[in-house]
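Asks:
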Amino acid sequence: MQTPFEILDVDEDASDEAIKKAYLKKVKEYPPEQGVEAFQRIRSAFEKIQNEKQRRNHRLFHHEKPEFDLLLQPSLRPGAIQRPDADLLAGALVEAALEDMLKIQSSS
Amino acid sequence: MKAAPAPRNKIDDLKTNLKLALKNNHYKEAIISLKELLKLDRRPEWEQGLADAYRQRALQVAAKGMWQEAIILWDNYAKLDPNPVIADAYLGWLVQAGQFPKLVKLLADTNVGLDGPIGKRLPETLAVLALQNEKLLAALPLEHPIAKHYPIVKHAIRAYSAGRDEESEEALKQIPSRSPYRNIRTLLKALLLMGQDRGAGLELLKRIEEDSACRSFARMLLRQAQATGPDIATLSELPPKQHTLIHKINGYSKDQLKLLRDAKKVTKGSSQRLLFNTVLNNRVLLGESSSRRFCLAMLVHFPEGIDLFQKAFGTLTAFQRQRIRALHEETQGNYPQAVSHWRNAIDELSQLHAQESDRLDEALICRRIAKLAEAHVPEIAIDALQHSLKFDPDDQASYVALIRINEKNDAPKEAQEWLEKGLKRFPKDVELLILAMNTANRRKAFKKAASLAKTLLEIDPINSSARQLLIGAHIGHARKQFRAGRFALVQQELDQARALDPHRRNASLRILEGLSALLQHGKKQAAAMLAEGWNLAGDGLCAQFQVNVETLSTGQTLLSVEGLFPSLKKNYSANRTELSELAKLIGQYYAVEKKSVSDALKPLKTILKKSFKQSGLGKDDFFNLGQAFAGSAQFDLLGECATAAAQQFYSWPAAVYFQVYAKCKGVATRLTPADEDRLENAMNYAHRTKDHRTEMLIESFFRELDEAEESEHDDDFPPGFDGVDPARLPAIMQRIMEMEDLSRTELLRIVSKRMPGLPVKQLTDMELLDIAKMLTMEEYGIDLSHMFGGSSPLGPTKLPKFR
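Taken in sequence, the protein lines are chains W and A. Residue 1467 in the numbering used here sits at position 7 of the first sequence, and the numbers go up by one each step. Residue 567 in the numbering used here sits at position 446 of the second sequence, and the numbers go up by one each step.
Pasting the structure below:
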């Protein structure tokens, strides 16, 4: 789960003003009419950190379990592509095609 | 020796077995029975039956992945059926079983329809399979496009793998756009492009046809080869070859591959320890600061990791350790332990910040403690909230919480104190003003409630509860002026109420305006207003009741308004909605016009008694009516209502309670032993059926009985009342109650006059009221010194410390 600071894309020591600015920017990017879920996520993040008291509250009491995948993601940014050998590429293609066929078979 | 069964019997047995097998979808058994039957007699329907059973059994075994067996069974079906079909699924089984010669034969047969989802992609699937299957290629005629374009595709793949991009691109150009390899061509082009521009390559992958055999592969690449990183959740679920391919395409280092291997072990169900250790062991690659933040957040769920954390990232402060423990206990639902750790955390913070002015963290933790303790030990919550205000005095929510918890905790005086303190600090706070207004109204301090409502409307002009309350206050005053015969003042009050009700929605107001017109100008002028009031009041039972109450409350008789309303006929029967509305009206009016309510109901008794039986009331309706009649001391109506309820809902505990309550006229000491037994049974029944509201009512009635029995052993009057004439007591109490209606100015006048040395301006409204009450009680000769250790609290040097 992303922290409210990450959702609004602000530093943890950002001021009230900077947070509000970031919030309004995000709302422009994800207006409620385009998707209520995204908007609510942004709104809820803003409410959690919009002023000093809320931010302290968040720091003292938030206890959501951190998500391992989110920690992992930046460390698994792809590097330079290594060419797979021909057999591996063909093998993976066959593997995927057979798997796909199996899915069609079980769905029909 | 037994004779062999006659063939007729055998056929019957086999037919029975067959029927049973088919009914239960046991096609294997059905096949055996049908084969036996055919041995006895080759009937065409059994042959067709056998064909169908083979077909069904083929589908059954295919569902278990037994492709070879499924193919044999389907072939058996095809031999027996005069018009066999080639099922789309059958093609899939042949592919999975690697029966390529058969597939190639089918592919060449123009009579075979390939329009199912498998058939449509069959040529392309075979083209993909050909990349790794010599036998398939051998089965194909040389001129078949799969065989013909195979060497070109193979060359393109080899060239791509060896990094000879130009050569690969050249080869791909030779593949025609209708070739079964066309999507592999797009795929290879995308892979070549990804080397230069990952995003553009991934974009090209989206162009692969929707029903292509390469679509699944393309989707997997799109998910796992993103520039921001792979889709970790599904990466570990990939089959081995695709998994390895992604590692290559993403260009992972040895460390990244190790991290991926470790991460693969951490599944959703794995232990917190494993996750914690995985992060600690890979913290260099994951980033020191991110790993620290992650592990710190993990500690709340895995406090056993505190030592490991400190070894890796350095010592935690004592405050942080307590915070982690407290949050951990919260997640486990161990609130007392959580509170204890939060208290320790405050101690740690207080040592650190003793000299600092910013104590917000301590205040916030106190409020956290209050939240945790509120449901279990409200005293702790109250204490914590009070404490929090020392660190952060401007927190309006804490005042509101203190008022709310004290009210809930049956401490109205304390609630009132906090309300006054809150209002002193936030005089224009709407929430506090509403609370104060409602409290004053509940305490029947109507003047005060009206004054608060006025303030509230100045700040929040559309506040409807303030508006209604103010209208109610003006109406109340108008009734008093009516009784005193001061009609000019009546009109003044009604005009003020009217200004607050511009849309003329208030029935009471309209009726009173009519009554005022009647007294001042005669029937003609009054009729229209009264008719309008009647309609606003609902034109029925409730209208009649409201007209009755209002007329009586102004000191007039019901006879004086007769003929001015379409009054109810004696055979009128009120419906369910009217009765439930009446229950509400009785409650509202009884709070301000006790005597009038009772007299207003008298002429309606016949209608009501009949309506209880005829209007199809539910349990909730009866309960609300019962509460209204019990609360307004209408025992006759209560008894009738409860009897009607008991007839409709046999042995319903609430009906029993209301019957008994009506019989005793609400006095617990009048309970006979038989009534006590009835009530006890009803209470037990209510408990068993989870009818908590009735259980509570009966319990409270029994409590009254217990208290009355206990007080029989005490003195007739509490200490201090010895010299007071018992006959005067109700009047004294009435006087004391009326004092709650006095304004602050009036209270100040009373107290200052009697206690000139007292710094009255420093006192809160509540304190002033208490002192004024005590002074009045002393006037009546009640000695209060026993409450203050022998000396009067009102001595010239003593400030009130009577709480």
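For every residue, glycine included, the Cβ atom is placed at its ideal position computed from N, Cα and C.
1. Going by Cα to Cα distance, which pick from A:192, A:167, A:168 and A:165 is closest to residue 178 (chain A)?
2. With distances taken between CB atoms, is the gap from residue 469 (chain A) to residue 440 (chain A) smaller than 7 angstroms?
3. Give a yes or no on whether 7 angstroms exceeds the smallest Cβ distance from residue 423 (chain A) to chain W.
4. Excluding the five sequence neighbours on either side, which residues of its own chain have a C-beta within less than 7 angstroms of the C-beta of residue 245 (chain A), listed in chain order?
5. Just the C-alpha distance for residue 704 (chain A) and residue 756 (chain A), rounded to the nearest angstrom, thanks.
6. Measure the alpha-carbon distance for residue 381 (chain A) versus residue 1542 (chain W) and round it to whole angstroms.
7. What are the residues of the segment 1529-1541 of chain W that lie near chain A, defined by any Cβ-Cβ distance shorter than 8 angstroms?
8. Under 8 angstroms, CB to CB, which of the residues in the segment 486-512 of chain A have a partner in chain W?
9. Does the beta carbon of residue 1479 (chain W) come closer than 7 angstroms to any beta carbon on chain A?
10. Where do the N-terminal and C-terminal ends of the alpha helix (DSSP H) with residue 575 (chain A) fall, by residue?
11. Give the C-beta separation of residue 243 (chain A) and residue 257 (chain A) to the nearest angstrom, bearing in mind that I take them to be a contact with Cβ-Cβ under 8 angstroms.
12. May I ask you to list, following chain order, the residues of the segment 1541-1560 of chain W that have a beta carbon less than 8 angstroms from some beta carbon of chain A?
13. Kindly list the residues whose CB is nearer than 7 angstroms to the CB of residue 1567 (chain W), restricted to its own chain and excluding five residues on each side of it in sequence; keep chain order.
14. What does residue 1526 (chain W) touch in chain A if you count any residue whose Cβ is under 7 angstroms from its own?
15. What in chain W is Cβ-close to residue 360 (chain A), meaning under 9 angstroms?
16. Could you tell me whether the segment 670-687 of chain A touches the segment 629-638 of chain A, where touching means 3 or more Cβ pairs closer than 8 angstroms?
17. If you reduce the DSSP assignment to three classes, tell me which class residue 1557 (chain W) lands in.
18. Between A:863, A:722, A:264 and A:746, which has its C-alpha nearest residue 117 (chain A)'s C-alpha?
19. Should residue 209 (chain A) be labelled buried (16 or more other beta-carbon atoms within 10 Å of its own) or exposed?
20. Using DSSP with H/G/I as helix, E/B as strand and the rest coil, what is residue 543 (chain A)?
21. Name the chain A residues whose beta carbon is nearer than 8 angstroms to that of residue 1520 (chain W)?
22. Going by DSSP in three states, residue 1440 (chain W) sits in which element: helix, strand or coil?
23. Report the residue from A:606, A:655, A:575 and A:664 whose alpha carbon sits nearest the alpha carbon of residue 620 (chain A).
24. Report the neighbours of residue 396 (chain A) on chain W: residues whose CB is nearer than 7 angstroms to its CB, in chain order.
25. Can you tell me whether DSSP reads residue 774 (chain A) as helix, strand or coil?
26. Using 7 angstroms as the threshold, is the C-beta distance between residue 646 (chain A) and residue 658 (chain A) below it?
27. Between the alpha carbons of residue 700 (chain A) and residue 746 (chain A), how many angstroms are there, rounded?
28. Would you say residue 1516 (chain W) faces chain A, with C-beta separation under 7 angstroms as the test?
29. Can you find a C-beta in chain A that's less than 7 angstroms from the C-beta of residue 1564 (chain W)?
30. Three or more C-beta pairs closer than 8 angstroms, one from the segment 442-459 of chain A and one from the segment 477-497 of chain A: is that the case here?
31. Output needed for residue 691 (chain A): all residues of its chain with C-beta closer than 8 angstroms, excluding positions within five of it in sequence on either side, in chain order.
32. Would you kindly work out how many angstroms separate the C-alpha atoms of residue 472 (chain A) and residue 1488 (chain W), rounded to a whole number?
33. Reducing DSSP to helix, strand and coil, say where residue 678 (chain A) ends up.
34. Using a Cβ cut-off of 9 angstroms, pull out every chain W residue sitting near residue 354 (chain A), in sequence order please.
35. Determine the chain W residues that contact residue 216 (chain A) at a beta-carbon separation under 8 angstroms, and present them in chain order.
36. So, is the C-beta of residue 363 (chain A) closer than 7 angstroms to a C-beta in chain W?
Replies: The short version:
1. A:192
2. Closer than 7 angstroms, so yes.
3. no
4. 301, 304, 333 and 334
5. 14 angstroms
6. The alpha-carbon of residue 381 (chain A) is positioned some 17 angstroms away from that of residue 1542 (chain W).
7. 1529, 1531, 1532, 1533, 1534, 1535, 1536, 1537, 1538, 1539, 1540 and 1541
8. 486 and 489
9. no
10. 567-580
11. Not a contact, Cβ separation roughly 12 angstroms.
12. Residues 1541, 1542, 1543, 1544, 1545, 1546, 1547, 1548, 1549, 1550, 1551, 1552, 1553, 1554, 1555, 1556, 1557, 1558, 1559 and 1560.
13. none
14. Chain order gives the chain A residues near residue 1526 (chain W) as 415, 418 and 419, where near means a beta carbon separation below 7 angstroms.
15. What residue 360 (chain A) touches in chain W: 1552, 1555, 1556 and 1559.
16. yes
17. It is helical.
18. Residue 117 (chain A) lies beyond the stretch modelled for chain A, which goes from 122 to 924, so this question has no answer here.
19. By the neighbour-count rule (16 or more Cβ atoms within 10 Å), residue 209 (chain A) is buried.
20. Three-state result, residue 543 (chain A): helix.
21. 444, 482, 485, 486 and 489
22. Within the shown structure, residues of chain W are numbered from 1461 to 1568, placing residue 1440 (chain W) beyond reach of any answer.
23. Looking at A:606, A:655, A:575 and A:664, the one whose alpha-carbon comes closest to that of residue 620 (chain A) is A:575.
24. 1528
25. helix
26. By the CB criterion at 7 angstroms, residue 646 (chain A) and residue 658 (chain A) fall outside the cutoff.
27. 7 angstroms
28. yes
29. Closer than 7 angstroms: yes.
30. yes
31. Cβ neighbours of residue 691 (chain A) beyond the five flanking positions: 727 and 728.
32. 46 angstroms
33. In the three-state reduction of the DSSP assignment, residue 678 (chain A) falls in the coil class, being assigned neither a helical nor a strand state.
34. 1529
35. 1558 and 1561
36. yes
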